[in-house]
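Everything on this sheet refers to the single structure shown next.
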Amino acid sequence: MNWIRIISTETLKKGNYITAVNVLGKNICLVRTDDEFFALQNNCPHAGAKLSNGWCSNGKIVCPYHRHEFDLKTGRGAPEQGNYVDTYPLEMRVDGLYIGIKKAWWKFW
Ligand code: FES
């Protein structure tokens, strides 16, 4: 697992927000709620909209195109959707917020 700092402590914004960050070529949707951060794949699996342009409701992020919903913690879509988004671990450290990205095995060869 690679741990990459995505926000320094000095630039950490307060309040609730949704934004997009690019980490090692991955487009990530970063969500801050009152007291928690969540990181999910930013491309909606339905038709590719950016979830970072959506909104949060009841612990889910809602896609702005066709309103598919994904659980912020697990990435699971509602049962009738039959889809999900990848989620990524986050860790708050003294110098900022870090995201964990698994190393791709093929990069070792
Ligand atoms: S593109 Fe997200 S619900 Fe259709």
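Everything in the sequence shown is counted per this note's numbering, starting at 59 for the first residue and increasing by one.
Even glycine gets a Cβ: it sits at the ideal position worked out from N, Cα and C.
Assigned exposure category for residue i - 16 Cβ within 10 Å defines buried
{"i": "Pro103", "result": "buried"}
{"i": "Gly117", "result": "exposed"}
{"i": "Ile62", "result": "exposed"}
{"i": "Tyr75", "result": "exposed"}
{"i": "Asn60", "result": "exposed"}
{"i": "Asn80", "result": "exposed"}
{"i": "Asn82", "result": "Note that residue 82 is Leu in the sequence shown here, rather than Asn. It counts as exposed."}
Distance cut-off 8 Å: residue i Cβ against heavy atoms of the ligand FES
{"i": "Ala105", "result": "yes"}
{"i": "Cys87", "result": "no"}
{"i": "Cys114", "result": "no"}
{"i": "Arg151", "result": "no"}
{"i": "Tyr15", "result": "It is not possible to answer for residue 15, since the shown part of the chain is limited to 59 through 167."}
Host beta strand (DSSP E) of residue i (start-end)
{"i": "Leu130", "result": "Element bounds for Leu130: n/a, residue is neither H nor E."}
{"i": "Glu149", "result": "148-151"}
{"i": "Tyr142", "result": "No beta strand (DSSP E) holds Tyr142; DSSP gives it neither H nor E."}
{"i": "Gly154", "result": "154-159"}
Cβ-heavy atom distance, residue i to the ligand SAH, below 8 Å
{"i": "Tyr123", "result": "Among the ligands present in this structure, namely the ligand FES, the ligand SAH is not found."}
query = Fully enclosed by the region 81-111, which alpha helix (DSSP H) runs are 4 residues long or longer?
reply = none
Touching by the beta-carbon criterion (3+ pairs, under 8 Å), the region 150-161 and the region 119-138 = no
ask   = Is there contact between the region 149-156 and the region 105-124, where contact requires at least three CB pairs shorter than 8 Å?
value = no
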